[in-house]
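If you read the sequence shown in the numbering used here, its first letter stands for residue 6, the second for the next number, and so on. Beta carbons: idealized from backbone N, C-alpha and C, even for Gly. Report on the structure given below.
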Amino acid sequence: VPLQSHGQLLGFCEVVPHSQEKVFFDESGVVSEWQKDVLFDVGGIIALILDNLRLNREIKRQSLIDPLTQAYNRHYFVDRLTSEVERAVRYARPVSVLFVDLDDFKLINDKYGHLQGDEVLRMLGRLFTASLRDVDVVCRYGGDEFVILLPETETSMALPAAEKLLRSVRSHAFSILDDPARTLTVTISIGLSTLRPGQSEDALLKAADAALYRAKSLGRNRVEV
């Protein structure tokens, strides 16, 4: 039985008559036209349920994802940070945060336009995701700021991860939309903070933000702890 919803084929459902079934199927095993009609109607109901489940899942996913960068959004990050800090405190496990800011983003927008700025942010989201572990959480915090949650990660592990991000962005050739033959060199600054005993999630984030400010004031294109 095909499972179709809104003209789209979602899959198939195999219907096997039970050997003792006497109500719907006859003993010959031949399915009549009216029985087929009933089965196809049931298949349509199943398909509609599956389609609605898939739609609800996609709506939920979109509510957590930044549409430009495809990173998680700020709302998701705040909830996830709280749960990760609670877990770290409960089980005495480490957790670190990277606060990331794009250097001289205003100059990019002013010189090449906001569409170019959007393209740079979109590529940054991809680079961050590709450069980190699956368990790490990349979020767009706002504007040209990203924040990255690193579960089970001490400073000694988080620092090499941050430096890897610096190198990945610095070495990437960002194409100029109006002239694809030319590229931009982009750099980022990173502030790193690791949860300390008795520290709240707000204090952890503020510490990473303070480290980012220090990285910017010391010349950018660097990570500070």
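Sorted by chain position, which residues of the same chain lie with C-beta nearer than 8 Å to residue i's C-beta, five sequence neighbours on each side aside?
| i | result |
| --- | --- |
| Phe179 | Glu124, Val125, Met128, Thr188, Leu189, Thr190 and Val191 |
| Val20 | Val6 and Leu44 |
| Gly147 | Arg79 |
| Pro72 | none |
Quick one: what's got a C-beta closer than 7 Å to residue i's C-beta in the same chain, skipping five residues either side?
| i | result |
| --- | --- |
| Asp251 | There is no way to answer for residue 251, as the model of the chain reaches only from 6 to 230. |
| Ile70 | Tyr77 and Asn78 |
| Ser136 | Lys169, Leu170 and Ser173 |
| Ala220 | Ser194, Ile195, Gly196, Arg227, Val228 and Glu229 |
| Val140 | Pro156 |
| Ile51 | Leu8 and Cys18 |
| Arg138 | none |
For residue i, which three-state DSSP category applies?
| i | result |
| --- | --- |
| Arg201 | coil |
| Leu112 | helix |
| Leu132 | helix |
| Val105 | strand |
| Val83 | helix |
| Val94 | helix |
| Val125 | helix |
Taking 9 Å as the cut-off, decide whether the C-beta atoms of residue i and residue j are in contact.
| i | j | result |
| --- | --- | --- |
| Phe82 | Val142 | yes |
| Ile181 | Tyr117 | yes |
| Asp106 | Glu150 | yes |
| Cys18 | Arg85 | no |
| Ala167 | Val228 | yes |
| Ala213 | Leu103 | yes |
| Ala216 | Ser205 | no |
| Gly48 | Gln9 | yes |
| Leu15 | Leu55 | yes |
| His177 | Leu120 | no |
Once you ignore the five residues that flank residue i on each side, which residues in its own chain have a CB closer than 6 Å to its CB?
| i | result |
| --- | --- |
| Leu200 | Ala93, Val100 and Leu209 |
| Thr74 | Leu126, Arg127, Gly130 and Arg145 |
| Asp231 | Residue 231 is absent from the model: the chain starts at 6 and stops at 230. |
Name the DSSP bridge partner or partners of residue i?
| i | result |
| --- | --- |
| Arg138 | DSSP lists no partner for Arg138. |
| Val143 | Ile153 |
| Val100 | Pro156 |
Handout entry: 3 or more residues per run - each beta strand (DSSP E) lying fully within the segment 6-76
Key = Counting whole runs of 3 or more residues, the segment 6-76 contains the beta strand (DSSP E) stretches 7-10 and 13-17.
Practice task
List in chain order: all unbroken alpha helix (DSSP H) runs of 4+ residues lying wholly within the segment 148-228.
Solution key: 160-176 and 206-222
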